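Residue numbers (the numbering used here), protein chains in the order written: chain E, 1 to 139; chain L, 140 to 278. Think of the CB as a built atom: it goes at the ideal place given N, C-alpha and C, for glycine as much as any other residue. Everything numeric in this text was worked out from a predicted model, so none of it was measured.
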DNA sequence: CTTTTTATTGAAACATTGTTTCATCTGCAA
DNA sequence: TTGCAGATGAAACAATGTTTCAATAAAAAG
């Protein structure tokens, strides 16, 4: 879907910085860090506007933050193709070799919370080596 | 176990900032943020030394970082009572009401990684309302 | 198509978080 | 008690995130 449609569908204003952010994420088709998005955006990047838009677009359900560790945040577009637009259970795989992050959309997370606790959201981060880096090193 | 013993057991030097950090975490018996630890430490707190010690003590397996979101990191002592000293599968519950973080040590995380991927570590963060805040609001 | 409303932008200044270098000091072992 | 590796704390830097505010652009209303 094109960036303008996405913004309209979520009822937030279509502005050039927002369009550029969505385009960057679509172009690379993977979760990106701020500096990677910045590189794609060129002139259209402004730090303050960036932070604000990541907040507002996350609130709107267009994208989500993935906190890899205390020094790395990645941003990923939500897949709103079907009806389950913003699912609150995220699973991600982080490859410590190539530092790529992969969304594991179709994974089932099983976890019981203790008695009396209300579970609202779950985030699972799996670290390791991706299949690409795995076969690379064997060769 | 007392702080000095913990440091010796992990073969890193016993210094006053380290002892104070461990004491703070033991006193409150819950994962704490930097500012909470700072408050407990008083004079013994120095920002640079703090970051370095959190790194070295995490490396040593004494404690671990829990990244709640892109703006909140908590630190928790590892439970080294038994033989499973540093387990690489962590599950935590974050209460958005009281902002307390609870380590769910005895939870089983079920998650399959795709073909060819090597899983090394897993971190599960569950957000919601803890039993305490849940019953509070009912009253 | 113009006006009005409302949200967004980008600048400035600030606050927090994290790292690097380096001289000094302290724990610990020889 | 002496020597050395490792730790400390100061200074300076770098990155990340927030707030205020005037100017501006987008969508809605006339």
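| Item | Value |
| --- | --- |
| Contact set for residue 172 of chain L: own chain, Cβ-Cβ below 6 Å, skip 5 residues either direction | 213 |
| Amino acids of chain L, ordered along the chain, whose beta-carbon sits closer than 8 Å to that of residue 135 of chain E | 255 |
| Residue burial classification, residue 253 of chain L (beta-carbon count within 10 angstroms, cutoff 16) | exposed |
| Coarse secondary structure for residue 159 of chain L, derived from DSSP in three states | helix |
| Spatial neighbours of residue 222 of chain L in its chain, beta-carbon cut-off 7 Å, leaving aside the 5 residues before and after | With a pLDDT of 42 at residue 222 of chain L, under the threshold of 50, the modelled position of this residue cannot be trusted, and the question is left open. |
| Interface residues of chain E facing residue 173 of chain L [CB-CB closer than 7 Å] | Within 7 Å Cβ-Cβ: nothing; residue 173 of chain L doesn't reach chain E, min ~10 Å. |
| Cβ pair count under 8 Å reaching 3, the segment 183 to 193 of chain L against the segment 254 to 270 of chain L | no |
| Whether residue 118 of chain E touches residue 217 of chain L by CB criterion (7 Å) | no |
| Spatial neighbours of residue 58 of chain E in its chain, beta-carbon cut-off 7 Å, leaving aside the 5 residues before and after | 64 and 65 |
| Anticipated Cβ contact below 8 Å, residue 268 of chain L with residue 235 of chain L, distance rounded | 7 Å |
| Where residue 108 of chain E falls, given that 16 or more other Cβ within 10 Å makes a residue buried | exposed |
| Near-chain L residues of the segment 51 to 74 of chain E - C-beta to any C-beta below 9 Å | 65, 67, 68, 69, 70 and 73 |
| Length of the line joining the Cα atoms of residue 210 of chain L and residue 144 of chain L | 33 Å |
| Buried or exposed (CB count within 10 angstroms, at least 16 for buried), residue 103 of chain E | buried |
| Residue-chain proximity (residue 6 of chain E, chain L), Cβ-Cβ < 7 Å | no |
| Nearest-angstrom Cα separation, counted from residue 170 of chain L out to residue 149 of chain L | 20 Å |
| 7 Å Cβ cutoff met for residue 200 of chain L and residue 131 of chain E | no |
| Proximity winner among E/23, E/43, E/127 and E/111, relative to residue 76 of chain E (alpha-carbon distances) | E/23 |
| Neighbour flag for residue 186 of chain L against chain E, beta carbons, 7 Å | no |
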